[in-house]
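Student:
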Amino acid sequence: MNQGSMLSVALLCLVLFTGLAPTPSLAVGSLDAVIEAQMYNRAIHIMAMLLIGFGFLMVFVRGYGLSALTATYMMVAVSLPGYLLIKSFGWFGHAPTGIEAMILAEFSAASLLICAGAVLGRLKIWQYMLMAVLFLSAYMLNEWILLEGGWGLIATGAFVDTGGSIVIHAFGALFGLGVAVSMTTRKDRDISPAAEYTSDRFSLLGSMVLWVFWPSFCAALVAPEMIPATVMNVVAALCGSTILTYFGTLLLRREIDAADIANATLAGGVAIGSTCDKVSLPVALAIGAVAGFVSTFGFAVLQGKMEKLHRIVDTCGVSNLHGIPGLLGGFAALIVVSGIDKGAQLLGIGITVAIAVVAGLASGKLLSLTGHRSDSYEDSEEFAGE
Amino acid sequence: MNQGSMLSVALLCLVLFTGLAPTPSLAVGSLDAVIEAQMYNRAIHIMAMLLIGFGFLMVFVRGYGLSALTATYMMVAVSLPGYLLIKSFGWFGHAPTGIEAMILAEFSAASLLICAGAVLGRLKIWQYMLMAVLFLSAYMLNEWILLEGGWGLIATGAFVDTGGSIVIHAFGALFGLGVAVSMTTRKDRDISPAAEYTSDRFSLLGSMVLWVFWPSFCAALVAPEMIPATVMNVVAALCGSTILTYFGTLLLRREIDAADIANATLAGGVAIGSTCDKVSLPVALAIGAVAGFVSTFGFAVLQGKMEKLHRIVDTCGVSNLHGIPGLLGGFAALIVVSGIDKGAQLLGIGITVAIAVVAGLASGKLLSLTGHRSDSYEDSEEFAGE
Amino acid sequence: MNQGSMLSVALLCLVLFTGLAPTPSLAVGSLDAVIEAQMYNRAIHIMAMLLIGFGFLMVFVRGYGLSALTATYMMVAVSLPGYLLIKSFGWFGHAPTGIEAMILAEFSAASLLICAGAVLGRLKIWQYMLMAVLFLSAYMLNEWILLEGGWGLIATGAFVDTGGSIVIHAFGALFGLGVAVSMTTRKDRDISPAAEYTSDRFSLLGSMVLWVFWPSFCAALVAPEMIPATVMNVVAALCGSTILTYFGTLLLRREIDAADIANATLAGGVAIGSTCDKVSLPVALAIGAVAGFVSTFGFAVLQGKMEKLHRIVDTCGVSNLHGIPGLLGGFAALIVVSGIDKGAQLLGIGITVAIAVVAGLASGKLLSLTGHRSDSYEDSEEFAGE
Numbered sequence: 006m007n008q009g010s011m012l013s014v015a016l017l018c019l020v021l022f023t024g025l026a027p028t029p030s031l032a033v034g035s036l037d038a039v040i041e042a043q044m045y046n047r048a049i050h051i052m053a054m055l056l057i058g059f060g061f062l063m064v065f066v067r068g069y070g071l072s073a074l075t076a077t078y079m080m081v082a083v084s085l086p087g088y089l090l091i092k093s094f095g096w097f098g099h100a101p102t103g104i105e106a107m108i109l110a111e112f113s114a115a116s117l118l119i120c121a122g123a124v125l126g127r128l129k130i131w132q133y134m135l136m137a138v139l140f141l142s143a144y145m146l147n148e149w150i151l152l153e154g155g156w157g158l159i160a161t162g163a164f165v166d167t168g169g170s171i172v173i174h175a176f177g178a179l180f181g182l183g184v185a186v187s188m189t190t191r192k193d194r195d196i197s198p199a200a201e202y203t204s205d206r207f208s209l210l211g212s213m214v215l216w217v218f219w220p221s222f223c224a225a226l227v228a229p230e231m232i233p234a235t236v237m238n239v240v241a242a243l244c245g246s247t248i249l250t251y252f253g254t255l256l257l258r259r260e261i262d263a264a265d266i267a268n269a270t271l272a273g274g275v276a277i278g279s280t281c282d283k284v285s286l287p288v289a290l291a292i293g294a295v296a297g298f299v300s301t302f303g304f305a306v307l308q309g310k311m312e313k314l315h316r317i318v319d320t321c322g323v324s325n326l327h328g329i330p331g332l333l334g335g336f337a338a339l340i341v342v343s344g345i346d347k348g349a350q351l352l353g354i355g356i357t358v359a360i361a362v363v364a365g366l367a368s369g370k371l372l373s374l375t376g377h378r379s380d381s382y383e384d385s386e387e388f389a390g391e
Numbered sequence: 006m007n008q009g010s011m012l013s014v015a016l017l018c019l020v021l022f023t024g025l026a027p028t029p030s031l032a033v034g035s036l037d038a039v040i041e042a043q044m045y046n047r048a049i050h051i052m053a054m055l056l057i058g059f060g061f062l063m064v065f066v067r068g069y070g071l072s073a074l075t076a077t078y079m080m081v082a083v084s085l086p087g088y089l090l091i092k093s094f095g096w097f098g099h100a101p102t103g104i105e106a107m108i109l110a111e112f113s114a115a116s117l118l119i120c121a122g123a124v125l126g127r128l129k130i131w132q133y134m135l136m137a138v139l140f141l142s143a144y145m146l147n148e149w150i151l152l153e154g155g156w157g158l159i160a161t162g163a164f165v166d167t168g169g170s171i172v173i174h175a176f177g178a179l180f181g182l183g184v185a186v187s188m189t190t191r192k193d194r195d196i197s198p199a200a201e202y203t204s205d206r207f208s209l210l211g212s213m214v215l216w217v218f219w220p221s222f223c224a225a226l227v228a229p230e231m232i233p234a235t236v237m238n239v240v241a242a243l244c245g246s247t248i249l250t251y252f253g254t255l256l257l258r259r260e261i262d263a264a265d266i267a268n269a270t271l272a273g274g275v276a277i278g279s280t281c282d283k284v285s286l287p288v289a290l291a292i293g294a295v296a297g298f299v300s301t302f303g304f305a306v307l308q309g310k311m312e313k314l315h316r317i318v319d320t321c322g323v324s325n326l327h328g329i330p331g332l333l334g335g336f337a338a339l340i341v342v343s344g345i346d347k348g349a350q351l352l353g354i355g356i357t358v359a360i361a362v363v364a365g366l367a368s369g370k371l372l373s374l375t376g377h378r379s380d381s382y383e384d385s386e387e388f389a390g391e
Numbered sequence: 006m007n008q009g010s011m012l013s014v015a016l017l018c019l020v021l022f023t024g025l026a027p028t029p030s031l032a033v034g035s036l037d038a039v040i041e042a043q044m045y046n047r048a049i050h051i052m053a054m055l056l057i058g059f060g061f062l063m064v065f066v067r068g069y070g071l072s073a074l075t076a077t078y079m080m081v082a083v084s085l086p087g088y089l090l091i092k093s094f095g096w097f098g099h100a101p102t103g104i105e106a107m108i109l110a111e112f113s114a115a116s117l118l119i120c121a122g123a124v125l126g127r128l129k130i131w132q133y134m135l136m137a138v139l140f141l142s143a144y145m146l147n148e149w150i151l152l153e154g155g156w157g158l159i160a161t162g163a164f165v166d167t168g169g170s171i172v173i174h175a176f177g178a179l180f181g182l183g184v185a186v187s188m189t190t191r192k193d194r195d196i197s198p199a200a201e202y203t204s205d206r207f208s209l210l211g212s213m214v215l216w217v218f219w220p221s222f223c224a225a226l227v228a229p230e231m232i233p234a235t236v237m238n239v240v241a242a243l244c245g246s247t248i249l250t251y252f253g254t255l256l257l258r259r260e261i262d263a264a265d266i267a268n269a270t271l272a273g274g275v276a277i278g279s280t281c282d283k284v285s286l287p288v289a290l291a292i293g294a295v296a297g298f299v300s301t302f303g304f305a306v307l308q309g310k311m312e313k314l315h316r317i318v319d320t321c322g323v324s325n326l327h328g329i330p331g332l333l334g335g336f337a338a339l340i341v342v343s344g345i346d347k348g349a350q351l352l353g354i355g356i357t358v359a360i361a362v363v364a365g366l367a368s369g370k371l372l373s374l375t376g377h378r379s380d381s382y383e384d385s386e387e388f389a390g391e
């Protein structure tokens, strides 16, 4: 560990210990207090996705499992207090309190982990933590503009994205692609971490953990009376993408690919995010089914071509799981939500793409300055006794 | 994939996209809305059992893990919307709404996965999905007769089975045995998938996941004021079966068998289902203890004999974990529930056995027509790169 | 299995089947009933920690995974009803009812599993169960004195320990060390189970499961209106210890040690227990950060020295994860909680240390009488086909 990273640690610690206020509480024994404590259960489900779900996805990346797990751990530990800290500065709208604050911080951590999937295997642990800080700033700017009327570009409430298809999934994937593009050298393309990444059945278990808790992710901030319809829509979308992934992988590859099953099954959850509390059950199932097929197409057909043509190495295929299905979900809102402000929706998607790509490219350059290697890292470089 | 299965896919998709109505909502900010949102937490716990619990049980079936995981995924994805769709036709009583609908659909998926345990390793992925459709029809007919007064055979509410010892566990196990019997050829008996199935310590982890969330399964539809007594009874029953499984395996085998520990520990949860909200804590513990010992006896003594005598190959031993303990739980209600309608209880158990066995045998014949192999499938036959 | 253990089984069963009363219920449809049912969700989260979290930590202990998992299963199954049974005798204060009773029983099981971590690999399964009974008596005596005014030593409510830094973590660790010391022979010290214990990446996943549900552990018995502040403090403390563990392991070892990451990341959760509902967010983060560094120091520097000097073999390093951070949390309350009764706090900590060490040493002697081996057990000695 060099001097620069030690300094950044010291600064980070200093910053973390100041400025966070204790959260206020609702009236004792009131229904509102019970509703907020209920929201807490969904917050914990999201935490299970962040650490246990992503953890399983990471645990058997060949020769890199310990690094991937540790990086996941550290990115979560940096982004949760980091989000709250930056919010407390007042730069990006109001500072949320209580469980709402916890859930918004978890959303930022989820988006960050998606982003990290694009560059997995090509950073050292402390570089993931540095990327977390860079990512958070851009993420919070985008969130503020789209959802809180930041800079007056989009009226508060006009952009439809309850479960974060655009703000969380598409943003994270595009930022990650930006970092990957500006960090990837010619030599990187000769190795294929993606091929190795997906080889183990534990990624199927990780996928299942994410599937199970996905309804809580989308309904995290939804009012109690809308919970039933919202969560059932999410389950329907996931069922749709799961079934279509099976037929898609068979149709496109003539045999079943375990990586397709572990990934594209979740595309319904990504795509239903924007409209999860606004559509009927069959529409949710249809959105999920389309997303599942499109995502499978991405993994089976596009991934190889993209890497050849555009020289992008997207380690975990986040563009196929989060990027394209996320955008699909955001655009689907234009069709299925009656009375939607189409201009605001399109503008919001455009802003997201712009901020994510530009900030991602810039962050990749910055990260390259702190050290870059053309071949993948292995656990043995940072871990004892491996 | 042949033409027939492509057609069935197309039909399935067509059917899935129509006929499901959005679910209504309760009054904003009302206590009822909070109670339904609370029920949602238990619905997610059941989902964790279906995918994560069964997932761990499946992940290291030798040479068949990817298939077992994918089959589990697909059966869940087909049965959840399938149950809601068939219910919406009005053939089997009222169509439930909201979280109640989600939980009832999950119950059907749980029963289906139990059923699939009996034939694990002997179907292709799309055959599991076809079996799901056949299973659902029979399951919903039985559920309607026992719990909703279908055909006027049993008065609504007279059959005691809160947590599904009979309707979910015994039905699933017996249907699965029916399928296994009518699909099993002489050659099948020479191989023993059961012996291989249970060899890994991950099945112990899967067992633990099911154990942890079992109280939510039994209490899923129970009113808030009965939750405490119900969940504690389930925990007591599980503790009883866990302790007796240990002593049972030592007594019957003179050493500990990991498969017994991974399975019979759960028998208390199966058996307490019928009466979980109606008995005192010591009675619950006693029911669980008896079920644990009986189930261990089944695995240690009966399993080998049954396979030799009756030529049944029950891959995961579902008769010992779900069949016998489920029936035990249903019969136990006759003794421990005061004022129970004994005629209705016995009739309900008899109807369940009849429908499950007959429909299972018929489904097995039908599945055989779509293709049958005498040796077990392996991942390499359907999965890429294995 | 010898005659003595058979007798103890028979007695245990007899005892378990008597004396437990059904739990009362709150008024139908009342907010209080909803609040208690909500508490149930946290009870299930704790159960997930006990079996799934500890399960992952145990699953790949080399050559001992099946034994470790089975021992965990059995200790949970004995201690949950055991706690309720002993409480029903009235020796240690009032007998709790409903979900509160379930959570208090889970706390005792958690403390027992921590204790067992110190002697993992050196007991047979039935000895773990015997230790459970010995442990419970001492645990409940200490809990009664510290929290319920037992023997009039400490006024009820004067001892600050909401999330159990002292009562659960420090007590379990110290009792376990006591057992380890009085059971450890010279020959034991030549083998090093600790070195093998931590080698697998699954312990990282187990750590993550514990991390995720830790807020529910600390907030289990907290009123709804205090849930938000409490759980966010716990998350902040865990983030603090996670970040400091990374920098600690790098600083002290010059490379990352996976065992440090799997363990010391949780020290923040241990240390924040005492004060989780009483401090502000930055203070919680600071307590967690200090605990994370101290715990890493324990694993990286102290562990080897302790084993050499004091001839203690602490298999899982519970003194570094639960002992020292637990005491740290209890002492931290003296500084950060305004108006705390310092005498009561110090007395409570002293009593905990005294009871845990004395009862642990005595239990170790007793366990030695039932059989002791100087080399570690392996699965093959008790399990079939290993």
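Those protein sequences? They're chains L, G and R, same order as listed. Residue numbering for the first sequence follows the working numbering, beginning at 6 and increasing consecutively. Residue numbering for the second sequence follows the working numbering, beginning at 6 and increasing consecutively. Residue numbering for the third sequence follows the working numbering, beginning at 6 and increasing consecutively. Ideal Cβ positions, reconstructed from N, Cα and C, are used throughout, including at glycine.
Give the DSSP-derived three-state secondary structure of T203(L) in the structure shown.
Tutor: The predicted position of T203(L) is uncertain, since its pLDDT is 44 and thus under 50; a value taken from the coordinates is nonetheless stated next. Of the three classes helix, strand and coil, the one that applies to T203(L) here is coil, per DSSP.
Student: Tell me whether V358(R) counts as near the ligand ADP, meaning its Cβ is closer than 7 Å to at least one heavy atom of that ligand.
Tutor: The ligand ADP is absent from the structure shown, which contains no ligands of any kind.
Student: Drop a sphere of 10 angstroms on the beta-carbon of D161(G), count the other beta-carbons inside from all chains shown, and report buried for 16 or more, exposed for fewer.
Tutor: Checking the sequence, you will find Thr at residue 161(G) rather than Asp. Answer is exposed; the Cβ neighbour count stays below 16.
Student: Less than 8 Å separating the beta-carbons of H50(L) and S187(L)?
Tutor: Against a cut-off of 8 Å, the Cβ pair of S187(L) and H50(L) comes out as no contact.
Student: Please state the DSSP three-state secondary structure of F94(L).
Tutor: Three-state DSSP puts F94(L) in coil, outside helix and strand.
Student: In three-state terms, what does DSSP make of I345(R)?
Tutor: Three-state DSSP puts I345(R) in coil, outside helix and strand.
Student: To which residues of the same chain is A224(R) closer than 6 Å at the C-beta, ignoring the five residues directly before and after it?
Tutor: For A224(R), where only same-chain residues beyond five positions count, the Cβ hits under 6 Å are I232, T235, V236.
Student: Taking contact to mean 3 or more Cβ pairs, one atom from each stretch, closer than 8 Å, check whether the stretch 295 to 303 of chain G and the stretch 238 to 247 of chain G are in contact.
Tutor: Verdict: yes, contact present.
Student: Please compile the residues from chain L whose C-beta is within a distance smaller than 8 Å of the C-beta of V39(G).
Tutor: Ordered by position in chain L, the residues that pass the 8 Å Cβ test against V39(G) are L36, V39, I40, Q43, P229.
Student: Identify whether F164(L) lies in helix, strand or coil by the three-state DSSP scheme.
Tutor: The answer is coil: DSSP assigns F164(L) none of H, G, I, E or B.
Student: Are there 16 or more other CB atoms within 10 angstroms of the CB of K92(R), so buried, or fewer, so exposed?
Tutor: Buried, since its Cβ has 16 or more Cβ neighbours within 10 Å.
Student: Any beta-carbon of chain G closer than 8 Å to the one on D384(L)?
Tutor: Output row for D384(L): interface = no.
Student: Taking just the CA atoms, how far does F164(G) sit from G353(G)?
Tutor: Approximately 7 Å between the Cα atoms of the pair.
Student: Taking Cβ to Cβ, would you say V83(L) is nearer than 8 Å to A73(L)?
Tutor: Cβ atoms of V83(L) and A73(L): not closer than 8 Å.
Student: Below 9 Å on C-beta distance, what does F218(G) contact in chain R?
Tutor: Result: I49, M52, A53.
Student: Could you pull the start and end residues of the alpha helix (DSSP H) that D265(L) belongs to?
Tutor: 263 to 269 is the extent of the alpha helix (DSSP H) around D265(L).
Student: Can you look up F65(L) in the DSSP assignment and give me helix, strand or coil?
Tutor: It is coil, neither helix nor strand.
Student: Can you tell me the Cβ-Cβ gap for S113(L) and Y88(L), rounded? I've got them flagged as a contact below 8 Å.
Tutor: Right, the Cβ-Cβ distance comes to about 5 Å (below 8 Å), so this counts as a contact.
Student: Under a CB-based cut-off of 8 Å, is G245(L) close to chain C?
Tutor: Absence of chain C from the displayed structure is noted, the protein chains being L, G and R.
Student: Per DSSP, which residues does F176(G) bridge with? Please list them.
Tutor: DSSP lists no partner for F176(G).
Student: Closer than 7 Å between beta carbons: that is the criterion. Which residues of the stretch 270 to 293 of chain G meet it against chain R?
Tutor: Residues T270, S285, L286, P287, L290, A291.
Student: Along the chain, where does the alpha helix (DSSP H) containing M231(R) start, and where does it finish?
Tutor: Where M231(R) is concerned, there is no enclosing alpha helix (DSSP H), given that its DSSP letter is neither H nor E.
Student: DSSP beta-bridge partners for F388(G)?
Tutor: I261(L), per the DSSP bridge assignment.
Student: Taking the C-alpha atoms as reference points, what is the distance between D205(G) and A267(L)?
Tutor: Straight-line Cα distance between these residues: approximately 22 Å.
Student: What is the rounded straight-line gap between the Cα of A305(G) and the Cα of A110(G)?
Tutor: C-alpha separation (whole angstroms): 33 Å.
Student: Between which two residues does the alpha helix (DSSP H) containing P287(L) stretch?
Tutor: Run containing P287(L): 286 to 302, per the alpha helix (DSSP H) assignment.
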